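Reviewing the structure listed below.
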Amino acid sequence: MDMQTKNNLSRRNFIRMSGMTGVALTIGYYLPALGKDGPEFFTAESADNLGIELTSWVSIDKTGKVTILCHRSEMGQGSYQVVPQMVAEELEVNLDTVNIAFAPGDPKKFGSMLTGGSSTVRGAYKNLLRTGATAREMLIEAASKKWTVNKEECYAENAQVIHKPSGKKLGYGELVEDAAKLTPPANVVLKQRKDYKIVGKPLPRQDTPLKVNGKAEFGLDKKLKGMLYAVVERNPRFVGKVKSFDDTAAKAVPGVKYVIKVQRNVFATKAEGVAVVADNLWSAMQGRKALKVEWDDSGFDYHSSDQLYAKMKESLKGNVLNFKSKGDFERVFGESEKKIEAIYETPYESHSCMEPLNCVAHVHDNKCEIWGPIQAPDWVQRELVGMLGLKIEDITVNMTFLGGGFGRKAFLDYPHEAALISREINAPVQVVWTREDDMAAGPFRPGMVYQCRAALGKEPYIRAFETKMAGQDMGHQWPGANKLSYNDSTTEGFLEPYFESIEHFSFGDIPLDSPIPVMWWRSVYSSTNGFAYESFMDELAIAAGTDPLEFRRNHLGDDRYQKLIDIIIEKTGWNTRKKNEGWGVAITECFKSIVGEVVKVSKKPDGKIKIDKIFAVMDCGWYVNPDIIRAQVEGSIVMALGAATKHETHFADGKAVEKNFDTYKMPRINDIPEIEVHVVDNDEKPGGVGEPGLPPLAPALCNAIFDLTGKRIRKLPFNMDEV
Amino acid sequence: MASFTLQINGKSYTVDADPKMPLLWAIRDLVGLTGTKYGCGIAQCGACTVHFNGNPVRSCSIPVSTAVGQKITTIEGLSTDNSHPVQQAWIAEQVPQCGYCQSGQIMAAAALLKRNAHPNDQDIDLAMQGHICRCGTYPRIRKAIKTAAKLSTANAKN
Ligand code: FES
Ligand code: FES
Numbered sequence: 029m030d031m032q033t034k035n036n037l038s039r040r041n042f043i044r045m046s047g048m049t050g051v052a053l054t055i056g057y058y059l060p061a062l063g064k065d066g067p068e069f070f071t072a073e074s075a076d077n078l079g080i081e082l083t084s085w086v087s088i089d090k091t092g093k094v095t096i097l098c099h100r101s102e103m104g105q106g107s108y109q110v111v112p113q114m115v116a117e118e119l120e121v122n123l124d125t126v127n128i129a130f131a132p133g134d135p136k137k138f139g140s141m142l143t144g145g146s147s148t149v150r151g152a153y154k155n156l157l158r159t160g161a162t163a164r165e166m167l168i169e170a171a172s173k174k175w176t177v178n179k180e181e182c183y184a185e186n187a188q189v190i191h192k193p194s195g196k197k198l199g200y201g202e203l204v205e206d207a208a209k210l211t212p213p214a215n216v217v218l219k220q221r222k223d224y225k226i227v228g229k230p231l232p233r234q235d236t237p238l239k240v241n242g243k244a245e246f247g248l249d250k251k252l253k254g255m256l257y258a259v260v261e262r263n264p265r266f267v268g269k270v271k272s273f274d275d276t277a278a279k280a281v282p283g284v285k286y287v288i289k290v291q292r293n294v295f296a297t298k299a300e301g302v303a304v305v306a307d308n309l310w311s312a313m314q315g316r317k318a319l320k321v322e323w324d325d326s327g328f329d330y331h332s333s334d335q336l337y338a339k340m341k342e343s344l345k346g347n348v349l350n351f352k353s354k355g356d357f358e359r360v361f362g363e364s365e366k367k368i369e370a371i372y373e374t375p376y377e378s379h380s381c382m383e384p385l386n387c388v389a390h391v392h393d394n395k396c397e398i399w400g401p402i403q404a405p406d407w408v409q410r411e412l413v414g415m416l417g418l419k420i421e422d423i424t425v426n427m428t429f430l431g432g433g434f435g436r437k438a439f440l441d442y443p444h445e446a447a448l449i450s451r452e453i454n455a456p457v458q459v460v461w462t463r464e465d466d467m468a469a470g471p472f473r474p475g476m477v478y479q480c481r482a483a484l485g486k487e488p489y490i491r492a493f494e495t496k497m498a499g500q501d502m503g504h505q506w507p508g509a510n511k512l513s514y515n516d517s518t519t520e521g522f523l524e525p526y527f528e529s530i531e532h533f534s535f536g537d538i539p540l541d542s543p544i545p546v547m548w549w550r551s552v553y554s555s556t557n558g559f560a561y562e563s564f565m566d567e568l569a570i571a572a573g574t575d576p577l578e579f580r581r582n583h584l585g586d587d588r589y590q591k592l593i594d595i596i597i598e599k600t601g602w603n604t605r606k607k608n609e610g611w612g613v614a615i616t617e618c619f620k621s622i623v624g625e626v627v628k629v630s631k632k633p634d635g636k637i638k639i640d641k642i643f644a645v646m647d648c649g650w651y652v653n654p655d656i657i658r659a660q661v662e663g664s665i666v667m668a669l670g671a672a673t674k675h676e677t678h679f680a681d682g683k684a685v686e687k688n689f690d691t692y693k694m695p696r697i698n699d700i701p702e703i704e705v706h707v708v709d710n711d712e713k714p715g716g717v718g719e720p721g722l723p724p725l726a727p728a729l730c731n732a733i734f735d736l737t738g739k740r741i742r743k744l745p746f747n748m749d750e751v
Numbered sequence: 020m021a022s023f024t025l026q027i028n029g030k031s032y033t034v035d036a037d038p039k040m041p042l043l044w045a046i047r048d049l050v051g052l053t054g055t056k057y058g059c060g061i062a063q064c065g066a067c068t069v070h071f072n073g074n075p076v077r078s079c080s081i082p083v084s085t086a087v088g089q090k091i092t093t094i095e096g097l098s099t100d101n102s103h104p105v106q107q108a109w110i111a112e113q114v115p116q117c118g119y120c121q122s123g124q125i126m127a128a129a130a131l132l133k134r135n136a137h138p139n140d141q142d143i144d145l146a147m148q149g150h151i152c153r154c155g156t157y158p159r160i161r162k163a164i165k166t167a168a169k170l171s172t173a174n175a176k177n
């Protein structure tokens, strides 16, 4: 590696990038080989000398300004806020003085940068807190040396070190130079939660001002000098090749410069398309309209949704790939007098981020630079290494704000395609997916069918519980995947203590083989499993003649869950339900957070059902910003409501049917009732925030409708006006 | 191709474009104001909302040729310093998540408040139901519009 490359993201470049001047103290951590616990802390200088690549960085310049390198995407979930909130707490600085810069993709420095699995806080919180604390301790040490006083007599507050006995003060800016020469302490004491001033507080987000005046730069807003625009006609049928294309008319459109064939990887499939490149986007779109492409998609089933679901239902008669079991379900179920069975169906869904997919790529001089709304910059780098035959250090992935992600923007097809087009035309290019392109291509959330069976004992307890899950396994799509492997997400969403309290259970899946690409969609399999499990739990409670919350409580021995139920009862007024109201509850677990939601419905004068209110109780353990948590739960509820009552992607003739918001109906402001979110205070480990609020909504709503009308909804989506 | 002069945020811009090019792309790609967003292109989502003489319109569905002579305001022209009551309220209620739909939401809300200083829930539903927010910020949008109404009244009194 030459020096230029090695210093690609060196402290100096970082300083330039983030507009700092006269930086004197930069510290960060380095994650040593696996097996060692915890990171080691270094100053930038010593790390440079040792040839060590630091992971997350905090820099303080001579004016006292603090800059933090954020290693996660900001797609609305608040990493841009919570990452600095954690560092600022331990560093003892006001959050307003903290600047944040997105880290370009570099797995060597940042470890996994995938923003997924609701992992930003739960994955890095200890290291981020320690980073702040380490810098603080070094600044205190620098001050005590300057004053030749005992370190223990000094403390830090508001970006100053203070000598308690004399009241002398020095600002961080005045100390950074000396502090940078010290060795970071091996151990630092983190603050007690009761002493927090920033963590745990509902502080306003730093990105909000940028998002009310159009200044926040999203991928689609990126413009480079000499940049061309491309749109791509892609195979509408997921599999197949370009047989031929006629670009005469397309090339006649003013502004159109190139028409080229292009590929992109969609799991194990090489998907093809024809790109129209022009000097403005509108011309590219017009050129594409004039383009004629003939596809060869022979050998591919032109299936419809009905066929897919029929196949899944039929498959439930067969054997499962066993994921998890205990005891002897078949025997106990067979002997039992009280058996309950139900089948639940959930739809395929599109991510439909408000910002359609797009990516800017510039491949030149054996280097590739990417800008875009990207959830996993380091994955993009690794993908492009193979595709372009470049070294990883020659690929830079720059992050912009993301206009939504929900899992889709962790997929790598759109940067891949953009890089290939740029290489081919030898110019910087922005590839824009129209809404129709974005919605029709997937990957989609997989549609699922669940068969649940259970036996109840004499007391209101579950004796035996079984779920067979039919549907596509995301893991089976990768090249060389073992299609006989079980789906290890089969029990996602199911509450952990049930595995203790239920003596006989069996969970397994029956994978559906289909070329429709499927992928993580906010809360992944929990988003559909939760509907089956928590609807079925309600059916069992009713069959047992027990209050649905108490029924669950009987099976949830653990204190944490008992407390959650207490809070649900207290906050929602569960025990004061009135006759003319329908109430439903559901509790699911996702990415280490437990969320209970209660929906209250009633009948309008015209007999139709309306939602009066939705309550959510979120237990995500230790947390950083309760207002962001509330916002994320509100947003998850709205998204879940859409998937439960509004939209679905159908397939017909082997193509996606819904391609824009005229047919893929989104929830609107007038569909949204009051939502009240409570965040549980406890000292459990931090869990996810961006996704776990989604799964309980659909079952809680359907359980409420059952409570009001006696009608059980087992298939999503359903029309609220037609219940 | 033809030449069109557009009045945007009090400034005059001359662009060369296909007369059928939607105003949205002229604003974003030719004028270079990227605060106005593309969400659907078919007048379904509201992300592209700008004002014509104070009234909200969908720039994705208006050809650039028909925008000539209109006083166009985009999100960048609402204020220079986030001081518009709707922007203030959006900050106070912490509305945006990803933020992508918010230019359109804010432009619609600003137009609503201009017509109706004290909108009730139904007025808000009517004015805002053409605007999709995939992040689900609707409860906060409702709150923020009410906050903005209060801020505007307070400003008017001062
Ligand atoms: S982009 Fe104009 S309404 Fe959606
Ligand atoms: S804030 Fe993300 S779409 Fe509205």
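Top line first, the protein sequences correspond to chains A and B.
To convert a position in the first sequence, counted from 1, into the numbering used here, add 28.
To convert a position in the second sequence, counted from 1, into the numbering used here, add 19.
Backbone N, C-alpha and C fix where the C-beta goes; we use that ideal spot for every residue, glycine too.
These figures come from a predicted structure and were not determined experimentally.
Closer than 9 angstroms to chain B by CB, residue i
i, result
"L252 (chain A)", "no"
"L430 (chain A)", "yes"
"L238 (chain A)", "yes"
"G663 (chain A)", "yes"
"E686 (chain A)", "no"
"P135 (chain A)", "With a pLDDT of 46 at P135 (chain A), under the threshold of 50, the modelled position of this residue cannot be trusted; read the value that follows with caution. For P135 (chain A), the answer is no, since every Cβ of chain B falls outside 9 angstroms of its Cβ."
"C387 (chain A)", "no"
"P384 (chain A)", "yes"
"N308 (chain A)", "yes"
"L744 (chain A)", "no"
"D655 (chain A)", "yes"
Near ligand 2: residue i beta-carbon under 8 angstroms from a heavy atom
i, result
"Q121 (chain B)", "yes"
"Q106 (chain B)", "no"
"T428 (chain A)", "no"
"G118 (chain B)", "yes"
"R10 (chain B)", "Here chain B has residues from 20 to 177 only, and residue 10 (chain B) is not among them."
"G431 (chain A)", "yes"
"Q124 (chain B)", "yes"
Chain-ordered chain B contacts of residue i [CB-CB under 7 angstroms]
i, result
"D248 (chain A)", "Reading the sequence as shown, one finds Leu at residue 248 (chain A) and not Asp. What L248 (chain A) touches in chain B: Y57."
Short CB-CB distance (under 9 angstroms) between residue i and chain A
i, result
"I178 (chain B)", "Within the shown structure, residues of chain B are numbered from 20 to 177, placing residue 178 (chain B) beyond reach of any answer."
"V50 (chain B)", "no"
"C154 (chain B)", "yes"
Contacts of residue i in chain B (Cβ-Cβ under 8 angstroms)
i, result
"S529 (chain A)", "Chain B residues near S529 (chain A): none, gap ~34 angstroms exceeds 8 angstroms."
"G228 (chain A)", "The contacting residues do not exist; G228 (chain A) stays about 16 angstroms from chain B at best."
Listed by chain order, chain A residues near residue i by CB distance under 7 angstroms
i, result
"Y157 (chain B)", "V666, I697 and I700"
Residues bridged to residue i [DSSP beta-bridge criterion]
i, result
"K752 (chain A)", "Here chain A has residues from 29 to 751 only, and residue 752 (chain A) is not among them."
"I128 (chain A)", "A:I96"
"W611 (chain A)", "A:K628"
"P41 (chain B)", "B:P82"
"E68 (chain A)", "A:Y58"
"V391 (chain A)", "A:C396"
Any non-hydrogen atom of ligand 3 closer than 8 angstroms to residue i Cβ
i, result
"L744 (chain A)", "Inclusion of ligand 3 in the displayed structure is not the case, the ligand content consisting of ligand 1 and ligand 2 alone."
Chain-ordered neighbours of residue i on chain A, where CB pairs are closer than 8 angstroms
i, result
"I110 (chain B)", "P232, T236, P237 and V240"
Chain-ordered neighbours of residue i on chain B, where CB pairs are closer than 9 angstroms
i, result
"R463 (chain A)", "Y57, G58, C59, G60, I61, Q63 and C64"
"N474 (chain A)", "One point to set straight first is that residue 474 (chain A) is Pro, not Asn, in the sequence displayed. Near P474 (chain A) there are no residues of chain B at all, since even the closest Cβ is about 20 angstroms away, more than 9 angstroms."
beta-carbon residue i near ligand 1 non-hydrogen atom, thresh 8 angstroms
i, result
"G60 (chain B)", "yes"
"R580 (chain A)", "no"
Under 9 angstroms from the C-beta of residue i: neighbouring residues of chain A
i, result
"I81 (chain B)", "Chain A residues near I81 (chain B): none, gap ~13 angstroms exceeds 9 angstroms."
| In chain order, which alpha helix (DSSP H) runs of at least 4 residues are fully inside the region 635-695 of chain A? | The qualifying runs are 654-673.
| Segments assigned beta strand (DSSP E), at least 3 residues, entirely inside the region 191-277 of chain A | Listed in chain order, they are 197-199, 256-262 and 269-274.
| field | Every unbroken alpha helix (DSSP H) within the region 154-182 of chain A, with a cutoff of 4 residues, ordered by chain | value | Segments of the alpha helix (DSSP H) lying fully in the region 154-182 of chain A: there are none.
| Those runs of the alpha helix (DSSP H) which lie wholly inside the region 523-548 of chain A and span at least 4 residues | Fully enclosed alpha helix (DSSP H) runs of 4 or longer: 524-529.
| field | Ranges of the beta strand (DSSP E) found wholly within the region 310-345 of chain A, counting only runs of at least 3 | value | 320-324, all fully within the region 310-345 of chain A.
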